[in-house]
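Going down the list, the protein sequences come from chains A and B. So the first sequence is numbered by my numbering: it starts at 1427 and just counts up by one. So the second sequence is numbered by my numbering: it starts at 34 and just counts up by one. Quick reminder that beta carbons are idealized off the backbone N, C-alpha and C, glycines included. Each remark here refers to the structure printed beneath this line.
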Amino acid sequence: MSSKPYVREMSKTTWFLSQPRYKRYMAREVTCVFIFAYTFLLIVALARLAQGPDAFQEFLNALRSPLGVLFNVAVLIATVYHSMSWFNVTPQAMPIQMGEEFVPGKIIVSAHYGAWAVVSLIVLFLGV
Amino acid sequence: MAKSNKPIFWGLFAAGGTVTAFVTPVLVLITLFAAMRFSPALFTYEYLHAFAANWLGKLVIFGIILLSLWHAAHRLRVTVHDFGVRADTLVAYVVYGLAGLGTLLTIIYLLRI
């Protein structure tokens, strides 16, 4: 190591604002906060479910507040962003080789989007 | 070479990222419907209780919650670092602690149904 190592001037807290792709990276990473919060909402729902019909109805009533709607809209945007960011990098995360050639990234990504649509439609069909 | 616990957390992160990518948006959409009083079938006491009453249903619920928790916890640890917090050991204890607590509570509640 040289005696005067080069240290790049960079803010520890706002570094990602300097480039659009850093912002997209941080947007993707921050989706985890919403997924974490939503999962704890599911755990609360499970707790109320275990307590009986009245407790579960109380939970539903609490969910039906402006805050409940707003929270779910925010989580929906974050999870859709997470899904898209997750599927868009699948060709890099798991390249598939057939013979000498690699399967084109577009096909892998489209297959994921297709499967996502099928899963979503099945759950919607069963759950609405 | 020192033993590393990275493969465990990384594996849960990757599996969780995949599960949440496929399943969570539609679940949130249904929760949003419930919040907007559209009363989707999935979010009624009868439907959910019947689903969680058998072992396959319990396993599905446990799998989704477990993987979502550990995916989010692992990514949150990195994200907190990216926002300039350098107390990684403490952060790891807090986020994995929360995920562990959530996992434990999920098991307890599922067993009570």
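message: With H, G and I counted as helix, E and B as strand and the rest as coil, what does DSSP make of Gln1445 of chain A?
response: Here residue 1445 of chain A refers to the residue found at position 19 of the first sequence. Here Gln1445 of chain A sits in coil by DSSP.
message: The alpha helix (DSSP H) that contains Pro58 of chain B, what's its start and end?
response: Residue mapping note: residue 58 of chain B aligns to position 25 of the second sequence, counting from 1. Start and end: Lys39 to Ala68.
query: Looking at the C-beta of Val1515 of chain A, does it have a partner C-beta in chain B at a distance below 7 Å?
result: Residue numbering aside, residue 1515 of chain A sits at position 89 when the first sequence is read from its first letter. No, Val1515 of chain A lies away from the interface with chain B (no Cβ there is under 7 Å from its Cβ).
- request: Going by CA-CA distance only, name the one from B:Tyr78, B:Asp121 and B:Asn87 that's closest to Ala1481 of chain A.
  value: Taking the first residue of the first sequence as position 1, residue 1481 of chain A is located at position 55. Residue B:Tyr78 is the option with its Cα nearest to Ala1481 of chain A.
field: Touching by the beta-carbon criterion (3+ pairs, under 8 Å), the stretch 1536-1546 of chain A and the stretch 64-82 of chain B
entry: no
query: What's the gap between the Cα of Ala48 of chain B and the Cα of Ser1429 of chain A?
result: In the second sequence, the residue the question calls residue 48 of chain B occupies position 15. In the first sequence, the residue the question calls residue 1429 of chain A occupies position 3. About 44 Å.
Listed by chain order, chain A residues near Gly66 of chain B by CB distance under 8 Å: Translated into the one-based positions of the second sequence, residue 66 of chain B becomes position 33. The amino acid occupying residue 66 of chain B in the given sequence is Phe; Gly does not appear at that position. Correct list: Val1554.
Coil, strand or helix - Glu1526 of chain A by DSSP: Here residue 1526 of chain A corresponds to residue number 100 of the first sequence, with the count starting at 1. Coil.
- prompt: Hey, how far is the Cα of Glu1527 of chain A from the Cα of Val1495 of chain A?
  reply: Taking the first residue of the first sequence as position 1, residue 1527 of chain A is located at position 101. Taking the first residue of the first sequence as position 1, residue 1495 of chain A is located at position 69. Their backbone Cα atoms lie some 48 Å apart in a straight line.
field: Closer than 7 Å at the beta carbon, the chain B residues around Gly1494 of chain A
entry: Against the first sequence, residue 1494 of chain A aligns to sequence position 68. Here the neighbours are Ala68.
message: Taking the straight line between their C-alpha atoms, what separation do you get for Ala1471 of chain A and Val1529 of chain A?
response: For this step, residue 1471 of chain A is matched to residue 45 along the first sequence. For this step, residue 1529 of chain A is matched to residue 103 along the first sequence. Cα to Cα, Ala1471 of chain A sits roughly 42 Å from Val1529 of chain A.
field: Cutoff 6 Å; reference Phe42 of chain B; Cβ partners in own chain excluding five residues on either side
entry: Taking the first residue of the second sequence as 1, we reach residue 42 of chain B at position 9. For Phe42 of chain B, where only same-chain residues beyond five positions count, the Cβ hits under 6 Å are His107.
message: Our contact map puts Val61 of chain B next to Ile97 of chain B with C-beta atoms below 8 Å; I'd like the distance itself, whole angstroms only.
response: Here the question's residue 61 of chain B lines up with position 28 in the second sequence. Here the question's residue 97 of chain B lines up with position 64 in the second sequence. 12 Å between Cβ atoms; not a contact.
task: Output the residue ranges of the alpha helix (DSSP H) runs that lie fully inside the stretch 71-146 of chain B and measure 4 residues or longer, sorted by chain position.
output: 78-86, 88-115 and 121-145
query: Using a C-beta cutoff of 7 Å, does Arg1490 of chain A count as contacting chain B?
result: Indexing the first sequence from 1 puts residue 1490 of chain A at position 64. It does; some Cβ of chain B falls within 7 Å.
Beta-carbon gap between Ile1469 of chain A and Thr139 of chain B smaller than 7 Å: Your numbering for residue 1469 of chain A matches position 43 in the first sequence. Your numbering for residue 139 of chain B matches position 106 in the second sequence. In contact: Ile1469 of chain A and Thr139 of chain B (Cβ atoms closer than 7 Å).
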